[in-house]
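Novice: Residue numbers (this note's numbering): -13 to 71.
Virtual Cβ for every residue (Gly too), placed ideally from N, Cα, C.
On a predicted model such as this, the values are computed, not experimentally measured, just so you know.
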């Protein structure tokens, strides 16, 4: 019977690994889980850039917000910024 999992093994710089492990463990995560979540985000958004993923998630949250401000044009949004100054 074939398993639906794969074992990944790779060699990396110890200092990079330790720095990554230190950061993720401060947030209650572990290295394996963080790498798996990263891979899932790459698959979901088809982009490995964390800033882009964050921006996409922000837009998705804004789309669900019924109280969000909506503009009919870019110039309307700019005008509001000018009026605030």
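Does DSSP put residue 51 in a helix, in a strand, or in coil?
Specialist: Coil.
Novice: Would you report the Cα separation of residue 38 and residue 52, rounded to the nearest angstrom?
Specialist: Roughly 23 angstroms separates the two Cα atoms.
Novice: Going by beta carbon distance, what residues of the same chain come within less than 6 angstroms of residue 28, once the five residues before and after it are set aside?
Specialist: Only 34 meet the Cβ criterion.
Novice: So, under 8 angstroms CB-CB, residue 21 and residue 31 are touching, yes? Tell me the CB distance rounded to an integer number of Å.
Specialist: Not quite, the Cβ-Cβ distance comes to about 16 angstroms (not below 8 angstroms), so this is no contact.
Novice: By how many angstroms is the C-alpha of residue 55 removed from the C-alpha of residue -6?
Specialist: Near 46 angstroms, if we compare the C-alpha coordinates of residue 55 and residue -6.
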